[in-house]
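Under the UniProt record's numbering, the first residue of the sequence shown is numbered 1, with each subsequent residue one higher. Where a beta carbon is used, it is the ideal one built from N, C-alpha and C, also for glycine.
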Amino acid sequence: MLLALRGLGLGDLLTSVPALRALRRAHPEHHFVLATPAYLGGLLPLIGGIDELLDVSGPGPVPYESPDVAVNLHGSGPESIQALRRTRPGRLLTHAHHLVPGPDGPPWEPETHERRRWCSLLEWYGIPADPEDLALGDPGPSPLAGGEVIIHPGAAFRARQWPPDRFAQVAAELAGQGHRIVVTGGVTEIALARHVAALAGLPEESVLAGRTNLPELAALTAHAALVVCGDTGMSHLATAVGTPSVILYGPVPPALWGPPPGRPHIALWAGRRGDPHGDRPSEGLLEIGVPEVLDAVRRLRGVGVR
1 MLLALRGLGL GDLLTSVPAL RALRRAHPEH HFVLATPAYL GGLLPLIGGI
51 DELLDVSGPG PVPYESPDVA VNLHGSGPES IQALRRTRPG RLLTHAHHLV
101 PGPDGPPWEP ETHERRRWCS LLEWYGIPAD PEDLALGDPG PSPLAGGEVI
151 IHPGAAFRAR QWPPDRFAQV AAELAGQGHR IVVTGGVTEI ALARHVAALA
201 GLPEESVLAG RTNLPELAAL TAHAALVVCG DTGMSHLATA VGTPSVILYG
251 PVPPALWGPP PGRPHIALWA GRRGDPHGDR PSEGLLEIGV PEVLDAVRRL
301 RGVGVR
């Protein structure tokens, strides 16, 4: 049995897809269990190769015993290493940590892109991995007509959330140009999405926050014309299904979490770093104005936004 821990959110799961696929190729005969939050389960068929989801949020505990191989794809702290060691694996693949003697792994490199980080970990153990292998499978038909512009104003932390009135200005401008706009988000972001839609003068039915599960959101995104969002899971979903996107970065640079080069995505960043878990929009994020976002949309049209 092969066990991998990634007890984090949507964007974290999608950045680990290349590593998960590399593990599947390296262990084709193993039953593959992914320890991750249960709400992400709907995306596993689109990733492929994972046999079972074990509902784990955060670094553990991981309620499993004696896997042949356990892989820490979670983070840099000692908690995730200890959680996997308690499963008594035959072999543990993890970064080294000075507080957890024993595991012989590579050091944690903070300035490595998240997709490449996990591929590099596996390569240190002799497992080839391609950080570009991140495309999801076909999610099927869209729940809407297709061709919409998705405005996704939410983010896990306020530090990465562009002001709602600015999202509304972008939505209103694009709606005025004839685009069909939808505003997405999770169940905790319904009020935010309604606020943005109201400021933009959009009809109530344009608010899809809390009304789509992850497979439906993946299908909606795959058939959309464009996504405008912050540094959050939606940006990685747009990359994974190949939909053009304008992504607004604040405290964390796109060099660490952004889309791959050579694809139809524009990452806007003012060059300022900060606390990604802060309780107010970062100074760098606030330096990005509505005209810059609309200009990025125009540039994407020039390379064939559908």
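How is residue i classed by DSSP in three states: helix, strand or coil?
i	result
Ala172	helix
residue 364	Shown here, the chain extends from 1 to 306; a query on residue 364 therefore has no answer.
Glu65	coil
Gly7	coil
Ile190	helix
Phe32	strand
Ala70	strand
Glu79	helix
Glu109	coil
Ala255	helix
Trp162	coil
Leu144	coil
Ile50	coil
Leu2	strand
His98	coil
Roughly how many angstroms separate the alpha carbons of residue i and residue j, rounded to a whole number?
i	j	result
Gly274	Arg160	10 Å
Pro239	Leu93	For the record, residue 239 in the displayed sequence is Thr; it is not Pro. Cα-Cα distance, rounded: 28 Å.
Leu300	Glu205	27 Å
Pro260	Ala19	16 Å
Gly85	Thr212	According to the sequence displayed, residue 85 carries Arg and not Gly. Cα to Cα, Arg85 sits roughly 37 Å from Thr212.
Asp51	His236	23 Å
Leu136	Gly11	13 Å
Trp162	Gly77	29 Å
Pro141	Leu220	8 Å
Ser66	Val241	35 Å
Glu189	Gly154	6 Å
Ala38	His30	21 Å
Arg24	Leu40	19 Å
Ala270	Asp231	13 Å
Leu44	Asp295	35 Å
Arg117	Val227	26 Å
Leu248	Gly75	24 Å
Arg194	Arg180	16 Å
Ala224	Gly147	4 Å
Gly258	Val252	9 Å
Cys229	Val293	10 Å
Thr15	Ile81	20 Å
residue 308	Leu286	Only positions 1 to 306 of the chain appear in this structure, which leaves residue 308 out of reach.
In the DSSP assignment, what are the bridge partners of residue i?
i	result
Gly230	Leu248
Asp12	For Asp12, which the question treats as bridged, DSSP gives no partner whatsoever.
Ile266	Val246
Arg91	Val69
Asp55	Thr36
Ile151	Val183, Val228
Val241	Partner(s): none; Val241 has no beta bridge.
Based on Cα-Cα distance, which residue from the options lies nearest to residue i?
i	options	result
Asp133	Arg21, Val228, Gly230	Arg21
His277	Val187, Phe157, Gly230, Gln169	Phe157
His97	Arg88, Trp108, Leu256	Trp108
Ile150	Cys119, His27, Ala209	Ala209
Leu59	Trp269, Glu79, Val71, Asp295	A small fix is needed here, since residue 59 is Pro in this sequence, not Leu. Nearest C-alpha to Pro59: Glu79.
Arg263	Leu199, His27, Pro244	Pro244
Gly90	Ala70, Pro203, Ile81	Ala70
Tyr64	Gly105, Gly49, Leu53	Leu53
Asp138	Pro215, Phe167, Ile288, Pro106	Pro215
Glu173	Ala191, Gly201, Ile127	Gly201
His27	Leu13, Ser16, Gly49, Gly42	Gly49
Pro110	Glu283, Ala255, Gly250	Ala255
Gly42	Leu286, Asp165, Leu217	Leu217
Ile288	Arg166, Gln177, Ala175, Ala171	Arg166
Leu46	Asp55, Val17, Asp68, Phe32	Val17
Arg280	Val187, Gly178, Pro164	Pro164
My understanding is that residue i touches residue j, with C-beta atoms under 8 Å, so please give their C-beta distance in whole angstroms.
i	j	result
Ala35	Gly7	6 Å
Ala83	Leu2	About 16 Å separates the two Cβ atoms, so there is no contact after all.
Thr112	His152	Wrong, their Cβ atoms sit about 26 Å apart, outside the cutoff.
Val297	Val246	6 Å
Ala197	Val207	5 Å
Step through the CB atoms of chain D and report whether any lies within less than 8 Å of the CB of residue i.
i	result
Arg6	Considering every chain present, this structure includes no chain D. It has just one protein chain.
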